[in-house]
Amino acid sequence: MFSVVLGAATALLVIGISWLVAELVALRFDRSTLSVLPLAVLAAYLIRALVAWLHGIVSERASSNVKEDLRKEIVDDLVDPRRIGPRPSSSRLITLLGPGMDAFDGYIGRFLPQLALAVIVPVSILVAVVFTDPLSALIIALTLPLIPLFMALVGLLTNDKVQRRWAAMERLGRHFADVLDGLIVFKVFGRNQEKGLQEIGHRHREESMAALRLAFLSTFVLELLATISVALVAVSIGLRVVDDKLALAPAMFVLLLAPEAYLPVRRVGILFHDSQEGATAAAELLDILEHPRHTGTQAAPADRAIIEFRDVALTYPGRTQTALKADLIRIEPGERVALHGPSGCGKSTALSLLLAFEQPDQGQVTVGGVDLAEINPEDWRRRIAWVPQVPRLISGTLIDNVTLGVEGAEPNEIVNVLSEVGLAEFDRDRQLLEHAADVSAGERRRIALARALLRVQTGQAWLVLLDEPTAGLDAEREQQVVQALTQLGATLVLVSHRPETLALVDRIVELSSVEVTL
Amino acid sequence: MKRRGLVLAGGVALGILAQISAVGLLLAAAWLIVRAAQHPPVLYLMVAIVSVRFFGISRSVFRYAERLLTHDVAFSDAVDQRVATYRDLDRIAPAGLSGWRRGDLMSRVVDDVTSTQDRLLRVSLNWWTGVAATSAVVAVLVFLVPSAGFILGVIALLLGVAIRVVVPTLIKQSADRASSARGEMAAEVSATALSAVELVALGETEKPRRIAHEAASHISRGEHKESWFAGLGSALVLIAIGSAVVAIAGITRSVDPVLVGVLLLAPMALAEAWDGWVEAERSRPQVTNAEQRLAALAATPKPVQDPDSMLELPTSWDLAVTDLVCGWDTPLIAPCSFSVNPGETLGISAPSGTGKSTLAWTLLRLIEPHSGHMTLGGTDVATLRAADVRTRIGYVGQDEVVFDTSIKENLRIGNPEASDEDLWQSLSRVRLAEFVRGLPSGLDTQVGEGGSQLSGGERQRLCIARLLLSGHRIWVLDEPTEHLDEPTALALMDDVLALTHDDDEPVRSIVVISHSDVLLSKVERRVTLRPLPHSTNLHGTGA
């Protein structure tokens, strides 16, 4: 809205300035005095400068606001408790939030305001020229529409290339993330990645150049049309001035206005590719934001309840192999159950289903007789203490990490739990980083176990899920923790291979290997 | 390099010609019309008419060619920059990287390298072509009417200084803030993405969400502040044009009337060139920041310094460690000594949390020990090149990295020349061949980000198969069977430990670092690693 008002002001000022300067040239040509004319020119330019300044502020802010909203939406979606299915990888998110967002700068900050100018300014100029020199108006009116026509044609041609360039950029980001993650591996094997980076880099370069050759070709056509039309107008009015069919002042006026009519359209042409990248980024954004959502609203049982898998089957999208198939698994309150079976039989998938991160394609998982799909997932997860295979840390102290997601733990309880998992010696005030290289996998595991113990002790959780609980931890310690959990009466579901751990449970549920095509 | 210089020179020359053509079109047209107003025979106008038509076409032709050439240069520069940055990161890993947050680093490298392309495309080129076109116009004016040329020259100079110095100083602070806010945002989102599932399970998403939202608002606030200056450059250009037109109008009372059009329109013809300067300065802060960050990376010192005079890598590969103390900033492990002869297997028993990985990385010469000695084939490793030592000593850790590519490509990191047959052989030695054969795409199966399409056990076996394919003499295995079920783990351990000999010839030694007594019962000899009491400071003791 604001940018339309500013666009209209710009159009009027462009016409006004052209008229004043044309008069100035004509007066000087006749060696007449200029009176207040120079002052008027100066004033007009000052006002135009003011409008340009305001235009900058308005467009920049509009784009910045949209980006802020989008960034927030992406973050909200990332941690949306009702999201079902895998979450986007960090490198994909970072590409989207960084360079991906800059695509919106081009679109909202420059393309849209320019689009408004491209409609308002040429039309106003055309009106002004019609009254001065109809023939020039006709030339402009005939050539101007060719520009959007060519733009659309070239756009159709380049769309595919732009998409490939986007893919190349993403691949580059992923490749880099991988290389950075694997720096140690590459160092151990003495595998220098320079060549790989060079190859990917050059492929990126070739794809970009191929896209740009076309993109530039379109701007070439646009600029050619614009400058050739100005040349046509100039020569035609020059010849009519010689023949005295046109006076100097109106001729100058038309000469100054003609390029101004093409300028905003040309700029749109240059920015058109910005807009396409914006559209591609928007599509990528939608791809991340679109996914099934959990709709359950019922309260989860606050105390131990029977958990059942009934005729459950799940296949992940894009995969042919069934991730989990379970006819009937019944877990009594307070029971300790181990899920056992060969790799790929769906042990981790079973935990994901219990955590409501996934929903079965068929059958149901029920808690206390209620389908998990009907239960509010946030409320349900409060009842679960989950120790994943490779627990992550948050930035903060040991205490911050252990009490994360624990409601109302007493300081002495925390101390007890820490000594129970063997972290009594650990400096409690030391700042840990989420990607800390100096906290061993064993320590991370103990932190997660301590947290699980606390969640059960405070009476918040009654279901404990332990994924591969032996990773990086001595078996004795693990047994102690499992024993402590048993004493608290929690229902325990664990995934493990170790006989020592399997010996702790009441029952081992064999998950049948899903048929593998041989 | 030479090709780059030529292409670049060609690109710049074409850019200047394009800019001059744009100016020429308007000025030639102005001269044509004013001259026409004197009603000369049409023949007298022919030169002007041809010029107008020529400039009308040449501008877009030059511009198209210029853009192709300069973009090609910028893209290959970016590839070189990326490789150079990788070289810096590779040099300082792992020590230099522990203090950095992954997302921040990643976004920095990818973003910054892209930004450095703009140095040429959006900063230098705009200034060069703009200055060249302005100089050309000023020169023409000086030739026609010296005072007009002088006025235009002074105004252009003032404008150039204002755009180059004054506006950037105003923008700099808010741009710095916005850029660091972006780094923060990337780091937050990366951290949150990696632990998103756990945070959701814990119901603790509010804080990371709030922090990321704050970072987003922070970016936006920075951009809002910047917006005050966004249109400032364009406004200055318009003020400069207006003043120049009016000033030149003031001195044209007595000049030849035919020149009036050229003189008065000269400042207006330069509008596009001057807008280019504004665009250049808009891009500059981002480019400079990116370059500075990459330079900081290049300046980070190497964690393990290679000796000035490096010795040849000895052919024998017995390893001896004497009173070795290792740790990151402070010593972690009490002095330990052990030796491994060719074909031997050694177990290092270490309770969890005693710095097993630190010991492994020290043995691999990835970090410098605090004190003590380590010899390979009787030669002190401090006198060898660290990378050479790593051709002898190989490693598999407990959460070993696999790459988001095919099984085949992952294996080939161990040996890029390996044939498919070699790959299958190594897979069957770690009992993974049957699994891979069962996959629809076999060796070409994609393993996903961090090997997410594989189970923990499969991932680990793949990593051992990868090590098998390379020619390391000494294997350091850090909890190698952690994710395998016990029977498979022990069977695999038997298979692995049998690899020390080929036909009774010792071909490799194996060091297993583990907390598991069951696992360590398989090796020939054992030593126990003891943590250092936290209060003790061993700096300055030992060697």
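Here the protein sequences come in this chain order: A and B. Numbering-wise (my numbering), the first sequence opens with residue 548 and increments by one. Numbering-wise (my numbering), the second sequence opens with residue 21 and increments by one. Idealized CB from N, CA, C, for every residue including glycine.
Would you call the CB atoms of residue i and residue j closer than 9 Å?
i: L996 (chain A); j: V934 (chain A); result: yes
i: A182 (chain B); j: L256 (chain B); result: yes
i: E429 (chain B); j: L452 (chain B); result: no
i: G603 (chain A); j: A250 (chain B); result: yes
i: A773 (chain A); j: T690 (chain A); result: yes
i: L140 (chain B); j: V93 (chain B); result: yes
i: S144 (chain B); j: N309 (chain B); result: no
i: W148 (chain B); j: V32 (chain B); result: yes
i: F549 (chain A); j: V280 (chain B); result: no
i: G881 (chain A); j: T1048 (chain A); result: no
i: V1067 (chain A); j: A315 (chain B); result: Residue numbering for chain A in the displayed model covers 548 to 1065; residue 1067 (chain A) lies beyond these limits and cannot be assessed.
i: L553 (chain A); j: V605 (chain A); result: yes
i: D926 (chain A); j: A860 (chain A); result: no
i: G888 (chain A); j: E1057 (chain A); result: yes
Which residues of chain B have a Cβ atom closer than 9 Å to the Cβ of residue i, listed in chain order?
i: G603 (chain A); result: S247, W248, F249, A250, G251, L252, G253, S254 and A255
i: F904 (chain A); result: V217, V220 and A221
i: T774 (chain A); result: S41, A42, L45, F75, G76, I77, S78, R79 and S80
Note down, in chain order, every chain A residue with its Cβ under 9 Å from the Cβ of residue i.
i: S303 (chain B); result: Those do not exist, as S303 (chain B) stays about 12 Å from chain A at its closest Cβ, beyond 9 Å.
i: M394 (chain B); result: Here the premise fails: no neighbours, minimum Cβ distance about 17 Å.
i: R83 (chain B); result: F763, T766, F767 and E770
i: P277 (chain B); result: R575, F576, D577 and R578
Using the Cα positions of residue i and residue j, report the straight-line distance between them to the nearest angstrom.
i: I171 (chain B); j: R55 (chain B); result: 24 Å
i: T580 (chain A); j: F763 (chain A); result: 47 Å
i: W337 (chain B); j: L396 (chain B); result: 6 Å
i: S565 (chain A); j: E807 (chain A); result: 10 Å
i: L900 (chain A); j: V884 (chain A); result: 16 Å
i: V918 (chain A); j: I1055 (chain A); result: In the sequence as displayed, the identity of residue 918 (chain A) is Asp instead of Val. Cα to Cα, the separation comes out at about 24 Å.
i: E784 (chain A); j: R184 (chain B); result: The residue asked about is misnamed: residue 784 (chain A) is Ile in this sequence, not Glu. Taking the straight line from one Cα to the other gives about 39 Å.
i: S472 (chain B); j: P628 (chain A); result: 21 Å
i: Q978 (chain A); j: G223 (chain B); result: 22 Å
i: S377 (chain B); j: P355 (chain B); result: 16 Å
i: T844 (chain A); j: L1013 (chain A); result: 26 Å
i: E525 (chain B); j: R449 (chain B); result: 19 Å
i: E824 (chain A); j: R639 (chain A); result: 16 Å
i: I562 (chain A); j: S200 (chain B); result: 43 Å
i: A38 (chain B); j: R142 (chain B); result: 16 Å
i: T827 (chain A); j: A956 (chain A); result: 48 Å
i: L730 (chain A); j: V422 (chain B); result: 11 Å
Which chain A residues sit within Cβ distance under 7 Å of residue i?
i: E224 (chain B); result: L951 and G952
i: E243 (chain B); result: E607 and S611
Below 7 Å on C-beta distance, what does residue i contact in chain B?
i: H749 (chain A); result: V99
Can you have a look at residue i and say buried or exposed, based on whether 16 or more other CB atoms are within 10 angstroms of its CB?
i: L704 (chain A); result: exposed
i: F163 (chain B); result: exposed
i: P287 (chain B); result: buried
i: G367 (chain B); result: buried
i: H751 (chain A); result: buried
i: P938 (chain A); result: buried
i: P327 (chain B); result: exposed
i: A1018 (chain A); result: The predicted position of A1018 (chain A) is uncertain, since its pLDDT is 46 and thus under 50; no value can be drawn from it.
i: S536 (chain B); result: buried
i: V551 (chain A); result: exposed
i: P811 (chain A); result: buried
i: A599 (chain A); result: buried
i: R121 (chain B); result: Note that R121 (chain B) scores 49 on pLDDT, short of 50, meaning its location in the model is unreliable and no value can be drawn from it.
Looking at the strands, I want to know which residues DSSP matches up with residue i.
i: T690 (chain A); result: Beta-bridge pairing links T690 (chain A) to no other residue.
i: W495 (chain B); result: B:G414 and B:I530
i: K376 (chain B); result: None, per the DSSP bridge assignment.
Whose Cβ in chain B lies nearer than 8 Å to the Cβ of residue i?
i: N612 (chain A); result: S240
i: W600 (chain A); result: G251, L252, S254 and A255
i: I931 (chain A); result: A221
i: Q740 (chain A); result: Y106 and D110
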